[in-house]
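Worksheet for the structure shown next.
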Amino acid sequence: MIDHDDPATMDVAALLGSDGPFAREVPSFAPREAQQRMAQAVAQAIAGRETLIAEAGTGTGKTFAYLVPALLSGERVIISTGTKTLQDQLYFRDLPRVRSVLGARLKTALLKGRANYLCLYRLDQTVREGATFERTQAAQLATIRAWSARTRRGDRMELAEVPEESPLWPRVTSTPENCLGVECPFFDDCHVVKARREAMEADVVVVNHHLLFADLALKQEGFGEILPGAAAFILDEAHQVPELAGQFFSQSLSARQLTDLAHDALAECTGVTGAIGLLLEPVEALQESLRQLRLAMAPLPQRGAFQELEDRAGVREALHDLRELLATLTELLVSQAERSRGFSNLSERATALAERLDRIVEDRSERDVRWYESWTRGFALHATPLDLATPMRALRERTQAAWIHTSATLSVAGNFDHFARQLGLDDPRTLSLESPFDYARQGLCYLPSGLPDPNARDYTEQVIEAALPVLHASNGRAFLLFTSHRALRRAAELLEDKVPWPLFVQGTAPRPRLLEDFRASGHGVLLGAASFWEGVDVVGEALSVVVIDKLPFAAPDDPVLVARLAALEASGINPFMGWQVPSAVIALKQGAGRLIRDVHDRGVLMLCDPRLTGKGYGKLFLASVPPMPRTRELADVQAFFDDATASL
1 MIDHDDPATM DVAALLGSDG PFAREVPSFA PREAQQRMAQ AVAQAIAGRE
51 TLIAEAGTGT GKTFAYLVPA LLSGERVIIS TGTKTLQDQL YFRDLPRVRS
101 VLGARLKTAL LKGRANYLCL YRLDQTVREG ATFERTQAAQ LATIRAWSAR
151 TRRGDRMELA EVPEESPLWP RVTSTPENCL GVECPFFDDC HVVKARREAM
201 EADVVVVNHH LLFADLALKQ EGFGEILPGA AAFILDEAHQ VPELAGQFFS
251 QSLSARQLTD LAHDALAECT GVTGAIGLLL EPVEALQESL RQLRLAMAPL
301 PQRGAFQELE DRAGVREALH DLRELLATLT ELLVSQAERS RGFSNLSERA
351 TALAERLDRI VEDRSERDVR WYESWTRGFA LHATPLDLAT PMRALRERTQ
401 AAWIHTSATL SVAGNFDHFA RQLGLDDPRT LSLESPFDYA RQGLCYLPSG
451 LPDPNARDYT EQVIEAALPV LHASNGRAFL LFTSHRALRR AAELLEDKVP
501 WPLFVQGTAP RPRLLEDFRA SGHGVLLGAA SFWEGVDVVG EALSVVVIDK
551 LPFAAPDDPV LVARLAALEA SGINPFMGWQ VPSAVIALKQ GAGRLIRDVH
601 DRGVLMLCDP RLTGKGYGKL FLASVPPMPR TRELADVQAF FDDATASL
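Each step along the sequence shown adds one to the number in the UniProt record's numbering, with nothing skipped, and position 437 is 437.
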């Protein structure tokens, strides 16, 4: 319950009210009761060091609702967002605006993982190596060098000319393993160190979930001294937290880490007498061993339980060889540790990686799930905790801070138990705020009849057949969201020659460019899988239809999920209704949330999966999506768009 007698919580509501400074000074600001209620709840949670779950529907204005009490609290606050894009938006747009309106005199800082900052030492090394780059990469390197002379922050985000996926970035940024720390000749000018120093001195620090959990769970980014001392942690887009926390409480080792170790070991030999003669052979043997292990894994599924590796003689032997060769290389690097700063760092890296590999291979703990994943040129081995609630609870207790979790999608039909159970949130305060959008007028939910079981071989063909008349009624302007890349590719083939509108397919260009081109086209049809289900904002008429092919149940081949479901069953909880359905509901809410992003938006949400009406649990899904009128008739969809055209 909100304490309405507490002057601190009442003040934040008044500030966001119709007579407050935001209404006077921020163009297009509209006072919203839901925003004021959330601001009160956040203020109370910070003051009382409480745990709060606040689900705020799209359009509530949740960013201002937590920024106002955070800035007025007088406490040190860490705000964590789901993505680096949201982090930049919060730091460069929303935070300065709120700070200006409040006249708040406090220090703010933006902190990202070290891979986002230019490493002056690695840039210098790349230039000195004089590798012969093909023309594009040579031009990119020249661009990075010119930028390095003028940048103050060294944040990759500033340099749009060099694409995020350029293979040059890993060569000119550092990792926790290859950073030389105080031993680095460029330490005094290091962008990571400067960002860290600013964060240590700031009252409000904006981070992202990856960095927050790397820091709190493993200290792997080396920022451990920054986050302690915070009175409050505010996690925006908190629905992502359970999965990310799982990654950061895992032990993982990738082929890429070992390849980087081998590459850096050879690079360090330059200028150290006799080192190349000692290390060339064992480094090449390690690289060959990685290739052999990847080849041995080729017939296996892309991901699976570790037992599958151990059951296959060729893989088991290749894994054994890799451990032996890594141990040999580690011994040699340790013997060279005193010969240079680089070798000292390499010996520590090799030791840590060898220990991690041994731990994953030998781990027989009941608390962890051991699994692997592989792709065309690499693989990774993992040991992931079965239960995240215990380490998450311990982590929060260690901070003695308020923990505020907010997102548009945290509940299942108004119930927060699933989210709370995953993170070990015992008896949290909860707040559920409806979106201010008029869904009854702005939207229509279309549940087409006659579609087959989602496992049918021709299911995607039938979905496209059912969607085409809807696309004609809306004149394109649609997202088609798929639960698998296979269905996405098949749909792209089916639509290629059938539609008169520009077609944008995930994977054919970087996500930001696809979205930009889609918006500019005005009548585009965009086909997306996982990464387009959330964090995508297209306001206005360019997006008037969202089609979802199936209920987004997690892939049944996920070894961590399989183990978790078995553990739930053993503890007497129905794994389907207790885990799979709630997780899928939250994912569906994210996808459905792409449609109406503004009070002026109108659109049709087309949910194709017949299980929504044919299975008992379908009611939970339907109770969780925005409260739009529902229809099974195509004619209603056509009338919806005819009305829109008539009112123009």
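Cβ coordinates follow ideal geometry from the N, Cα and C atoms, glycine included.
What distance in whole Å lies between the Cβ atoms of Thr-409 and Ile-53, which are believed to be in contact at a cut-off of 8 Å?
Residue numbering aside, residue 53 sits at position 53 when the sequence shown is read from its first letter. Residue numbering aside, residue 409 sits at position 409 when the sequence shown is read from its first letter. Between Thr-409 and Ile-53 the Cβ distance is about 12 Å, and since that is not below 8 Å, they are no contact.
Cα separation between Leu-120 and Glu-317?
Mapped onto the sequence shown, residue 120 falls at position 120. Mapped onto the sequence shown, residue 317 falls at position 317. Using only the alpha carbons, I get a separation of about 41 Å.
Could you tell me whether the Cβ atoms of Ala-492 and Leu-527 are closer together than 8 Å?
Taking the first residue of the sequence shown as position 1, residue 492 is located at position 492. Taking the first residue of the sequence shown as position 1, residue 527 is located at position 527. A contact, by the Cβ cut-off of 8 Å.
Suppose the cutoff is 7 Å on Cβ atoms and the five residues either side in sequence are ignored; what does the same chain contact list for Pro-575 look like?
Counting from one through the sequence shown, the residue named residue 575 turns up at place 575. Result list for Pro-575: Leu-565, Leu-568 and Glu-569, in chain order.
Reduced DSSP secondary structure (H/G/I, E/B, other) of Gly-443
On the sequence shown, residue 443 is found 443 positions in, with the first residue counted as 1. Residue state, collapsed to three classes: strand.
Of the residues Trp-169, Ala-160 and Leu-71, the one placed nearest Thr-126, counting alpha carbons only:
In the sequence shown, residue 126 corresponds to position 126, counting from 1. Closest by alpha carbon: Trp-169.
Looking at C-alpha atoms only, which residue of Val-206, Gln-140, Thr-58 and Phe-248 is the closest neighbour of Lys-84?
Mapped onto the sequence shown, residue 84 falls at position 84. The option with the nearest alpha carbon to Lys-84 is Val-206.
So Glu-165 and Pro-510 are in contact, right, with Cβ under 8 Å, and what is the actual spacing, rounded?
For the purposes of this step, residue 165 is identified with residue 165 of the sequence shown, where counting begins at 1. For the purposes of this step, residue 510 is identified with residue 510 of the sequence shown, where counting begins at 1. Going by Cβ atoms, the distance from Glu-165 to Pro-510 rounds to 7 Å, so yes, they are a contact pair.
Contact between the region 197-212 and the region 372-379 is defined here as three or more beta-carbon pairs at a separation below 8 Å; is this criterion met?
no
Could you give the C-beta distance for Leu-106 and Gln-87, rounded to a whole number, given that I count them as a contact under 8 Å?
Within the sequence shown, numbered from 1, the residue matching residue 106 stands at position 106. Within the sequence shown, numbered from 1, the residue matching residue 87 stands at position 87. Not really, about 18 Å apart at Cβ, beyond 8 Å.
Please tell me whether Arg-76 and Gly-229 are closer than 8 Å, where the distance is taken between their beta carbons.
Stepping through the sequence shown from its first residue, residue 76 is reached at position 76. Stepping through the sequence shown from its first residue, residue 229 is reached at position 229. In contact: Arg-76 and Gly-229 (Cβ atoms closer than 8 Å).
Starting from Glu-373 and walking both ways along the beta strand (DSSP E), at which residues does that stretch end?
Here residue 373 is taken as the residue at index 373 of the sequence shown, counted from 1. Start and end: 368-375.
Between Ala-529 and Ser-484, is the Cβ-Cβ spacing less than 8 Å?
Against the sequence shown, residue 529 aligns to sequence position 529. Against the sequence shown, residue 484 aligns to sequence position 484. Yes, they are a contact pair.
Can you look up His-209 in the DSSP assignment and give me helix, strand or coil?
Taking the first residue of the sequence shown as position 1, residue 209 is located at position 209. Helix, per DSSP.
Over what stretch of residues does the alpha helix (DSSP H) that includes Ala-337 continue unbroken?
By 1-based counting over the sequence shown, the position of residue 337 is 337. From DSSP, Ala-337 is part of no alpha helix (DSSP H); its letter is neither H nor E.
Got a sec: is the Cβ-Cβ distance from Ser-624 to anything in chain C below 8 Å?
Here chain C cannot be found, since the structure has a single protein chain.
Near Lys-219, what residues of its chain come up, given a Cβ to Cβ distance below 6 Å and the 5 sequence neighbours on each side ignored?
Taking the first residue of the sequence shown as position 1, residue 219 is located at position 219. In this prediction, Lys-219 has a pLDDT of 49, which is less than 50 and means its spatial position is unreliable; nothing more can be read from the coordinates.
Answer yes or no: do Glu-268 and Phe-343 have a C-beta to C-beta separation smaller than 8 Å?
Residue numbering aside, residue 268 sits at position 268 when the sequence shown is read from its first letter. Residue numbering aside, residue 343 sits at position 343 when the sequence shown is read from its first letter. Yes; because the gap between Cβ atoms is below 8 Å, this pair is in contact.
Just how far apart, CA to CA, sit Glu-221 and Glu-461?
Counting from one through the sequence shown, the residue named residue 221 turns up at place 221. Counting from one through the sequence shown, the residue named residue 461 turns up at place 461. Note that Glu-221 has pLDDT 42, beneath the 50 cutoff, so the model's placement of it is unreliable and no number is given.
Which partner residues of Arg-152 appear in the DSSP bridge assignment?
As a position in the sequence shown, residue 152 is number 152, starting the count at 1. Per DSSP, none; premise fails for Arg-152.
Where do the ends of the alpha helix (DSSP H) carrying Phe-479 lie?
The residue labelled residue 479 in the question sits at position 479 within the sequence shown. Unbroken run through Phe-479 is the beta strand (DSSP E), 478-481; no alpha helix (DSSP H).
Under the three-state reduction of DSSP, which class applies to Gln-125: helix, strand or coil?
For the purposes of this step, residue 125 is taken as residue 125 along the sequence shown, with counting starting at 1. Helix, per DSSP.
Starting from Val-241, follow the beta strand (DSSP E) in both directions and report where the run begins and ends.
Looking up residue 241 in the sequence shown gives position 241. That residue, Val-241, is in no beta strand (DSSP E); its alpha helix (DSSP H) goes 241-248.
Take Leu-325 and list the residues in its own chain whose beta-carbon comes closer than 6 Å to its own, dropping the five residues that flank it on each side.
By 1-based counting over the sequence shown, the position of residue 325 is 325. Excluding residues within five positions, the ones whose Cβ falls inside 6 Å are Ala-285, Leu-286 and Ser-289.
Output needed for Val-581: all residues of its chain with C-beta closer than 7 Å, excluding positions within five of it in sequence on either side, in chain order.
Within the sequence shown, residue 581 is the residue found at index 581, counting from 1. Closer than 7 Å at the Cβ level, and outside the excluded window around Val-581, lie Tyr-617 and Leu-620.
Cα separation between Pro-69 and Glu-55?
As a working note, residue 69 is residue 69 in the sequence shown. As a working note, residue 55 is residue 55 in the sequence shown. Looking at the two C-alpha atoms, the distance is approximately 17 Å.
Sufficient close CB pairs (3 or more, under 8 Å) joining the region 474-489 to the region 514-525
yes
With C-beta atoms as the reference, is Leu-253 less than 8 Å away from Leu-353?
Here residue 253 refers to the residue found at position 253 of the sequence shown. Here residue 353 refers to the residue found at position 353 of the sequence shown. Closer than 8 Å, so yes.
Do Val-369 and Leu-386 have their C-beta atoms within less than 8 Å of each other?
Counting from 1 along the sequence shown, the entry for residue 369 is found at position 369. Counting from 1 along the sequence shown, the entry for residue 386 is found at position 386. Yes, they are a contact pair.
Going by C-alpha to C-alpha distance, which of Ser-18, Thr-384, His-472 and Val-192 sits closest to Gly-246?
One-based indexing of the sequence shown puts residue 246 at position 246. Looking at the Cα atoms, Thr-384 is the closest of the given residues.
Please list, in chain order, all residues of the same chain as Pro-21 whose beta carbon is under 8 Å from its beta carbon, the five residues on each side excluded.
Taking the sequence shown and counting its residues from 1, one reaches residue 21 at position 21. Excluding positions up to five away in sequence, the list reads Leu-15, Val-101 and Leu-102.
Is the number of C-beta pairs between the region 443-463 and the region 628-641 that are closer than 8 Å three or more?
yes
Span of the beta strand (DSSP E) holding Pro-385?
Counted from its first residue, the sequence shown places residue 385 at position 385. From DSSP, the beta strand (DSSP E) with Pro-385 extends over 378-385.
Option nearest Cys-608 by Cα separation, candidates Pro-556, Ser-407, Pro-391 and Val-547
Indexing the sequence shown from 1 puts residue 608 at position 608. When each option's Cα is compared against that of Cys-608, the closest is Val-547.
Count the other C-beta atoms from every protein chain shown that fall within 10 angstroms of the C-beta of Asp-643, then say buried if there are 16 or more, exposed otherwise.
Working through the sequence shown from its first residue, we reach residue 643 at position 643. With fewer than 16 Cβ atoms within 10 Å of its Cβ, Asp-643 is classed as exposed.
Integer-rounded CB distance, given that Val-241 should sit under 8 Å from Leu-423
Stepping through the sequence shown from its first residue, residue 423 is reached at position 423. Stepping through the sequence shown from its first residue, residue 241 is reached at position 241. Right, their Cβ atoms sit about 7 Å apart.
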